[in-house]
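Protein sequence lines correspond, in order, to chains A and B.
For the first sequence, our numbering begins at 1 and goes up steadily by one.
For the second sequence, our numbering begins at 315 and goes up steadily by one.
Everything on this sheet refers to the single structure shown next.
There are 2 protein chains.
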Amino acid sequence: MLNKLIREILKSEKLSIAKGISLVENESPHSRELLKSLYKNTGNAYLIGITGPPGAGKSTLTNALTKILRENKYKVGIIAVDPTSPFTGGALLGDRIRMQEIGTDKDVFIRSMATRGSLGGLSKKAKEACEILDASGKDFIIIETVGVGQSELDIAQTADTTIVVLVPESGDAVQTMKAGLMEIGDIFVINKCDRQGADVLATALKTMLHLKMKEHEIWDIKVIKTIGTQNKGIDELNKEIFRHRTYLETNGKMKIKRRDNLIKQIYELVNNKLEIKFWSDERRSIMDDKLDRILDRESTPYDFVDEVFKNFKY
Amino acid sequence: MLNKLIREILKSEKLSIAKGISLVENESPHSRELLKSLYKNTGNAYLIGITGPPGAGKSTLTNALTKILRENKYKVGIIAVDPTSPFTGGALLGDRIRMQEIGTDKDVFIRSMATRGSLGGLSKKAKEACEILDASGKDFIIIETVGVGQSELDIAQTADTTIVVLVPESGDAVQTMKAGLMEIGDIFVINKCDRQGADVLATALKTMLHLKMKEHEIWDIKVIKTIGTQNKGIDELNKEIFRHRTYLETNGKMKIKRRDNLIKQIYELVNNKLEIKFWSDERRSIMDDKLDRILDRESTPYDFVDEVFKNFKY
Chain A
1 MLNKLIREIL KSEKLSIAKG ISLVENESPH SRELLKSLYK NTGNAYLIGI
51 TGPPGAGKST LTNALTKILR ENKYKVGIIA VDPTSPFTGG ALLGDRIRMQ
101 EIGTDKDVFI RSMATRGSLG GLSKKAKEAC EILDASGKDF IIIETVGVGQ
151 SELDIAQTAD TTIVVLVPES GDAVQTMKAG LMEIGDIFVI NKCDRQGADV
201 LATALKTMLH LKMKEHEIWD IKVIKTIGTQ NKGIDELNKE IFRHRTYLET
251 NGKMKIKRRD NLIKQIYELV NNKLEIKFWS DERRSIMDDK LDRILDREST
301 PYDFVDEVFK NFKY
Chain B
315 MLNKLIREIL KSEKLSIAKG ISLVENESPH SRELLKSLYK NTGNAYLIGI
365 TGPPGAGKST LTNALTKILR ENKYKVGIIA VDPTSPFTGG ALLGDRIRMQ
415 EIGTDKDVFI RSMATRGSLG GLSKKAKEAC EILDASGKDF IIIETVGVGQ
465 SELDIAQTAD TTIVVLVPES GDAVQTMKAG LMEIGDIFVI NKCDRQGADV
515 LATALKTMLH LKMKEHEIWD IKVIKTIGTQ NKGIDELNKE IFRHRTYLET
565 NGKMKIKRRD NLIKQIYELV NNKLEIKFWS DERRSIMDDK LDRILDREST
615 PYDFVDEVFK NFKY
């Protein structure tokens with residue numbers, strides 16, 4: 001059964017891709033075998049990360065960009081990492097709206113992945129979903145992350161080209177800097193740039209990017225103004241992505257970047273496995289027994305951890 | 315030397331508190347002993363988490379709230395978790411500005427903790443810093459987190475009362491929901507409420523909070539409008555914090571919350587230790603040797619992880 005799934009994913013069949021990603025998402029015991037088998041077919045897709053604060057119009061930009069990539073016959077996969085709670089069900093809703101626009105195209109695959117449990121786990125799953133899309137023959141994979149926290153930044157950073165989307169009302173440039181976005185963008189986009197404050201933000205961003213640029217860096221980060229809903233600036237953004245790709249490929253930076261990402265992926269896999277293996281039923285029940293004593297300040301969490309590690313080999 | 319430090323922290327001496335937090339921040343070998351010794355003196359401070367998107371005015375609100383708490387003779391500790399990069403140096407700058415306002419008060423202790431390395435580590439350190447402040451006799455500890463990502467939310471959630479600060483231009487209520495903020499707020503604040511859109515946001519928030527409220531919950535989440543810079547609405551916010559505290563204490567929820575937080579803290583301590591112990595020099599060098607083969611698709615990260623776990627006992 002797994003062999004059939006693998007064959008069909010390699011043939012880019014949508015239902016099988018969806019099924020594969022579900023296996024990964026549900027941490028099915030088969031998912032590991034699936035990923036191992038598909039791995040030799042990965043490494044060909046170009047990864048684009050799109051991130052920025054909520055409401056910046058990331059989905060609209062992703063859709064517009066996808067249309068241009070499709071006009072040029074590229075196959076596109078989209079993973080939207082959406083920390084929406086089960087309460088809102090936003091991920092599913094978002095999928096439906098998108099499906100009407102670009103989802104009927106057989107060479108576009110869209111999937112939202114919502115936070116269940118820890119976001120750390122989500123980051124791992126999102127990357128694994130990208131591997132499935134990569135193996136299925138997608139030329140470009142867009143990873144879209146809502147939010148501006150560290151974990152989301154980590155996901156965005158695993159891309160080859162990371163695009164930071166801001167809007168005039170995102171707050172001033174200093175706030176953008178504070179949110180950690182200045183460090184990760186290869187391209188900056190000011191979306192909804194018909195709104196007040198766009199030029200001020202663009203100028204401030206450019207100044208800060210100039211200050212940030214290290215002497216040995218040759219990549220000059222551009223600030224592109226777009227209006228996603230009117231398809232304005234998307235062509236320029238698309239060209240800038242290709243310019244960055246050429247830059248990475250001709251400077252040997254691509255190899256370094258992918259190597260760093262592989263190391264990060266291995267760390268994540270290891271940490272995930274360590275956590276699962278460590279927390280045996282026995283250790284969990286030892287912890288449950290000790291909690292009240294710690295809460296009553298008769299012991300400390302630090303003593304407990306020392307104790308539980310005593311019979312642990314590494 | 316450590317004994318002297320402990321004595322002085324318990325006497326609430328500022329320099330010693332600062333030194334203790336530095337030990338924690340730098341992961342000094344002494345920090346574990348310090349935390350173990352101080353633990354029996356913790357559990358008395360009330361923790362307030364303040365979070366929200368960058369630029370919402372969280373620092374201003376924290377300062378205003380601190381002033382009211384001081385008027386009532388409460389001792390206050392402030393930990394500002396600031397994911398500012400080394401490039402910006404914002405944390406230090408922020409500290410200086412604050413020091414002029416409330417930092418000269420001997421019963422207010424302010425400390426910014428900036429992201430160095432992983433934010434996961436920062437969350438652990440922030441909690442440990444809170445323990446030091448708690449042991450030093452602070453009645454209230456305010457943990458302020460910039461950003462809206464999962465890790466920042468985790469930090470904010472370890473508080474007894476979590477305040478989510480929004481501004482009219484934060485984007486609409488749906489965006490707030492998407493950013494995961496709806497789930498964690500015990501109190502919502504719309505700051506800078508003299509700006510356009512405050513009432514619309516307030517109404518939308520109230521509607522969503524009403525929808526979200528589960529039948530068995532008795533705590534009705536309020537939306538408070540403030541103008542931090544003009545000290546408007548701060549009194550109401552302060553009263554709401556005390557109302558929430560009474561709610562937690564009279565419903566047995568306080569104990570449940572603190573127990574859950576202790577479990578989280580233990581998980582963090584364990585994961586941190588597992589990671590450090592697992593990645594011996596030997597395992598790191600095995601990984602370095604394998605990277606190229608994996609990058610060339612002759613092996614997979616999954617096979618590597620299986621292999622490296624073979625000689626690992628748990």
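Ideal placement from N, C-alpha and C gives every residue a C-beta, glycine not left out.
Quick check: residue i and residue j, are their CB atoms within less than 8 Å of each other?
i        : j        : result
A/LEU38  : A/ILE141 : no
B/THR356 : B/ALA440 : no
A/THR51  : A/THR229 : no
A/SER316 : A/ALA80  : Because chain A in this structure spans residues 1 to 314, residue 316 of chain A falls outside the shown range and cannot be described.
A/ILE190 : A/ALA202 : yes
B/ASN575 : B/THR472 : yes
B/LEU588 : A/LEU274 : yes
A/ARG317 : A/VAL305 : As displayed, chain A neither begins before 1 nor continues past 314, which places residue 317 of chain A out of reach and without an answer.
A/LEU248 : B/ARG573 : no
If I measure Cβ to Cβ from residue i and keep anything under 7 Å in the same chain, skipping five residues before and after, which residues do I get?
i        : result
A/LYS232 : THR226
A/LYS401 : Because chain A here runs from 1 to 314, residue 401 of chain A falls outside it and cannot be looked at.
A/ALA129 : ILE21, VAL24, ILE79, ARG111 and MET113
B/ALA378 : GLY542, ASN545 and ILE548
A/THR62  : ILE50, ILE78, ILE142 and GLU144
B/ASN358 : ASP448
B/TYR388 : ASP453 and PHE454
How many Å lie between residue i and residue j at the Cα?
i        : j        : result
A/LEU166 : A/THR246 : 25 Å
B/ASP508 : B/VAL514 : 12 Å
B/ASP554 : B/ILE600 : First, the amino acid is wrong: residue 554 of chain B is Glu here, not Asp. Spanning the two alpha carbons is a distance of roughly 56 Å.
A/THR300 : B/ILE323 : 18 Å
B/SER345 : A/LYS257 : 36 Å
A/GLU33  : B/LYS604 : 20 Å
B/LYS325 : B/GLY451 : 8 Å
A/ARG7   : A/ILE17  : 10 Å
A/VAL24  : A/GLY121 : 11 Å
A/THR250 : B/ALA512 : 50 Å
A/ASP288 : B/MET496 : 30 Å
B/LYS328 : B/ASP549 : 28 Å
A/THR66  : A/GLY49  : 13 Å
A/GLU27  : B/LEU523 : 32 Å
A/ARG293 : B/ILE532 : 30 Å
A/ILE266 : A/VAL108 : 29 Å
A/MET254 : B/LEU349 : 44 Å
A/TYR315 : A/LEU211 : As displayed, chain A neither begins before 1 nor continues past 314, which places residue 315 of chain A out of reach and without an answer.
A/GLY55  : A/GLU298 : 48 Å
A/LYS40  : A/GLY252 : 22 Å
A/GLN196 : B/GLN510 : 14 Å
B/LYS578 : A/LYS206 : 41 Å
A/SER281 : B/ILE590 : In the sequence under discussion, the amino acid at residue 281 of chain A is Asp, which differs from the Ser named in the question. Cα to Cα, A/ASP281 sits roughly 23 Å from B/ILE590.
Among residues of its own chain, excluding the 5 on either side of residue i, which ones have a beta-carbon nearer than 8 Å to its beta-carbon?
i        : result
A/LYS222 : ILE187, PHE188 and GLU240
A/GLY185 : THR162, ILE163, VAL164 and ILE221
B/ASN383 : The displayed chain sequence assigns Leu, not Asn, to residue 383 of chain B. Taken in chain order, the residues that qualify are VAL390, ASP453, PHE454 and ASN552.
A/PHE278 : PHE312
B/ASP419 : ARG384
A/ILE224 : ILE187, PHE188, VAL189, ILE190, GLY233, GLU236, LEU237 and GLU240
A/LYS19  : LEU5
A/LEU2   : HIS30, GLU33, LEU34 and SER37
With a CB to CB cut of under 6 Å and the five nearest residues on each side skipped, what residues in its chain are close to residue i?
i        : result
B/ASP474 : TYR360 and LEU361
B/LYS558 : Reading off the sequence shown, one finds His at residue 558 of chain B, where the question assumed Lys. The residues are THR475 and ASP500.
Answer yes or no: does any C-beta atom of chain D fall closer than 8 Å to that of residue i?
i        : result
A/GLY185 : Considering every chain present, this structure includes no chain D. Its protein chains are A and B.
Residues of the stretch 269 to 294 of chain A whose Cβ lies closer than 7 Å to any Cβ of chain B, in chain order | LEU269, VAL270, ASN271, LYS273, LEU274, GLU275, LYS277, PHE278, MET287, LEU291 and ILE294
Selection of the stretch 22 to 40 of chain A by Cβ proximity to chain B, strictly under 7 Å = ARG32, LEU35, LYS36, TYR39 and LYS40
Closer than 9 Å, Cβ to Cβ, to anything on chain B: give me those residues from the stretch 252 to 267 of chain A, in chain order.
-> Taking a C-beta cut-off of 9 Å against chain B, the contacting residues of the stretch 252 to 267 of chain A are LYS255, ARG258, ARG259, LEU262, ILE263, GLN265, ILE266 and TYR267, listed in chain order.
Residues within the stretch 611 to 626 of chain B neighbouring chain A, beta-carbon criterion of under 9 Å = Listed in sequence order: ARG611, GLU612, SER613, THR614, PRO615, TYR616, ASP617, PHE618, VAL619, ASP620, VAL622, PHE623 and PHE626.
Which of the residues in the stretch 370 to 387 of chain B, read from start to end, lie with their CB under 8 Å from any CB of chain A?
-> Here the close residues number zero.
Fully enclosed by the stretch 218 to 254 of chain A, which alpha helix (DSSP H) runs are 4 residues long or longer?
-> 234 to 250
Using a Cβ-Cβ cut-off of less than 7 Å, give me the residues of the stretch 43 to 56 of chain A that come near chain B, in sequence order.
-> GLY43, PRO53, PRO54 and GLY55
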